[in-house]
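**Q** One structure, as structure tokens, below. Some questions next.
In the working numbering, the protein residues as written are 353 to 577.
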């Protein structure tokens, strides 16, 4: 049994959302499926309008309704195959992943959002790890489902086809809501609330989770002991 499995969020934890959106715009500028300037203008306008009203902009749904699911899939496929620039990653991420690999630690990506859009971004980022996209921001509920009656942690087949057992899950996420309920799994799940310079606006307090969640501003602050 391995000691632990690291579970890392994608948006604002692995990748800077503004930078990765800019990378998607670069893909749109270079493609010939739809008129490049028109689609960028449409995306910008819709995104600004929805976010100004406090909503969350859904890229996939917008493209589906404005064009078609087939066009959405084609654009996402192009984006997922494009070469990422270094500025899409959060500071210190690559050193952290290198350290995980050097110490033989396993990690997976657990991302919240639209399956197609999140998958395209994760594939674009070229992070060598299994990933799972969830429609729920309550990630502790998902992680708890991986804990067997014996206390061993076993990941679902789609994340880890070859069965492995762990004795602890460590979640790294920028959203407070991701840790909701973590206090019920003392000794099995703990977390790091990543609050990098560009992390999302929060509606809760990480202090509410006591010793189960540690606030960090940089990956170098994460304790491997």
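All C-beta atoms in this analysis are idealised placements derived from N, C-alpha and C, irrespective of residue type, glycine included.
Just so we're clear, the structure is a prediction, and the values are computed from it rather than from any experiment.
What residue ranges within the region 456-494 form continuous beta strand (DSSP E) runs of no fewer than 3 residues, ordered along the chain?
**A** Complete beta strand (DSSP E) runs here, min 3: 458-464, 483-486.
**Q** Who pairs with residue 543 in a beta bridge, going by DSSP?
**A** Under DSSP, the beta-bridge partners assigned to residue 543 are 523, 565.
**Q** Relative to the alpha-carbon of residue 459, which residue among 443, 480, 380, 439 has its alpha-carbon at the smallest distance?
**A** 480
**Q** Check whether the region 565-573 and the region 540-549 touch, using three or more Cβ-Cβ pairs below 8 Å as the test.
**A** yes
**Q** Can you have a look at residue 437 and say buried or exposed, based on whether 16 or more other CB atoms are within 10 angstroms of its CB?
**A** exposed
**Q** What do you get for residue 463, buried or exposed, if any count of 16 or more other CB atoms within 10 angstroms of its CB means buried?
**A** Sixteen is the threshold: when 16 or more other Cβ atoms of the shown chains lie within 10 Å of the Cβ of residue 463, as they do, the residue is buried.
**Q** State buried or exposed for residue 465, treating a residue as buried only when at least 16 other CB atoms are found within 10 Å of its CB.
**A** buried
**Q** Let me check one thing: in DSSP terms, what residues is residue 536 bridge-paired to?
**A** The partner list for residue 536 (beta bridge, DSSP) is empty, contrary to what the question assumes.
**Q** Which residue's Cα is closest to the Cα of residue 526: 355, 358, 366?
**A** 366
**Q** Given a cut-off of 8 Å, decide if residue 529 and residue 361 are closer than it, judged by their beta-carbon atoms.
**A** no
**Q** For residue 532, I'd like the list of residues in its chain whose CB is within less than 7 Å of its CB, leaving aside the five on either flank, ordered along the chain.
**A** 490, 492
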